[in-house]
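Take any residue in the sequence shown, count from 1 to its spot, add 58: that is its number in our numbering.
Data block below; observations after.
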Amino acid sequence: MLDKYTSTKITYTFGQRMETLDGNIINAWINVDENLKVTFDEVKVKNYIDTLAKTYDTLGSTRNFITSSGKPISVSGGDYGWSINKSKEVQDIIAAVKNAKSITKKPVYNQTALSHGINDIGNTYVEINLSKQYLWFYKSGSLIVDGSIVTGNVSSNHSTPSGTYKLKYKQKDTVLRGADYAAPVSYWMPFNGGIGIHDANWRSTFGGNIYLTNGSHGCVNAPYYVAKAIFNNIEAGTPIICYY
Numbered sequence: 059m060l061d062k063y064t065s066t067k068i069t070y071t072f073g074q075r076m077e078t079l080d081g082n083i084i085n086a087w088i089n090v091d092e093n094l095k096v097t098f099d100e101v102k103v104k105n106y107i108d109t110l111a112k113t114y115d116t117l118g119s120t121r122n123f124i125t126s127s128g129k130p131i132s133v134s135g136g137d138y139g140w141s142i143n144k145s146k147e148v149q150d151i152i153a154a155v156k157n158a159k160s161i162t163k164k165p166v167y168n169q170t171a172l173s174h175g176i177n178d179i180g181n182t183y184v185e186i187n188l189s190k191q192y193l194w195f196y197k198s199g200s201l202i203v204d205g206s207i208v209t210g211n212v213s214s215n216h217s218t219p220s221g222t223y224k225l226k227y228k229q230k231d232t233v234l235r236g237a238d239y240a241a242p243v244s245y246w247m248p249f250n251g252g253i254g255i256h257d258a259n260w261r262s263t264f265g266g267n268i269y270l271t272n273g274s275h276g277c278v279n280a281p282y283y284v285a286k287a288i289f290n291n292i293e294a295g296t297p298i299i300c301y302y
């Protein structure tokens, strides 16, 4: 009776890496009562999924990153990365075993990233050096555009946070509004709450130490040509790495 369950094999794929769930593990999940009713120990199933998550989730992790200048750094914080939906995956896996289906699958995710492996950033990303006030945008490993920027005003406690984030969406021709401002922009690309990359036609110069006393409310002000080039080549979910 139990053979149909324990003969099931589920292969998880994580990019080029795989994890195989077979009868040796499944057998420990099965309970049979005096009426020969079969149930599955969800706690043990969850423990298995927890192990996968500890191995493959990257949300909230500290990443090693090689900057455009060739310097290796560590970047922590942000909302970018893989995150398995544990509760849904527990139910998915029990359903697959009950149906005695041998399958290859990806886990159910709360959110995904662009790449698996040690480097989940991949080769399409925006790099923002907040200390140097400079931005680079790479797509498929090629530099699309780079240029000087102005970020959050340090003197008014609006410093742009460091971390690895994901582009939420992109929008053309909108007005950014705050308590004391309304700023029309042509290209708007938010990545951290109300913080995003946008053009800033009210600025004639970018870079240097402007951000220390005359910076933004937290956003990344970019020259028009930089914002346009990024907007025309970027998609939602693209990682944005900010560091000091």
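A virtual CB, placed ideally from N, CA and C, is assigned to each residue, including glycine.
{"query": "For L89, the residue or residues it bridges with in DSSP", "result": "Residue identity check: residue 89 is Asn in the sequence provided, not Leu. Looking at the DSSP assignment, N89 forms a beta bridge with T97."}
{"query": "Inter-residue Cα distance where the pair is Y245 and V208", "result": "16 Å"}
{"query": "Cut-off 6 Å between Cβ atoms - residues of its own chain near N211, not counting five sequence neighbours on either side", "result": "G273"}
{"query": "Cβ contact (3+ pairs, closer than 8 Å) linking the stretch 253-260 and the stretch 164-174", "result": "no"}
{"query": "Nearest-angstrom Cα separation, counted from K95 out to G73", "result": "38 Å"}
{"query": "Beta-carbon separation (whole angstroms), W140 vs Y106, contact threshold 8 Å", "result": "So it is not a contact: roughly 17 Å between Cβ atoms."}
{"query": "Unbroken beta strand (DSSP E) run spanning S262, endpoints", "result": "Neither: S262 is in no beta strand (DSSP E) and is coded neither H nor E."}
{"query": "Cutoff 7 Å; reference L270; Cβ partners in own chain excluding five residues on either side", "result": "V212 and S213"}
{"query": "Reference N85; option with closest CA among E185, T64, E100 and A258", "result": "T64"}
{"query": "Y138 to L234 span [Cα, whole Å]", "result": "24 Å"}
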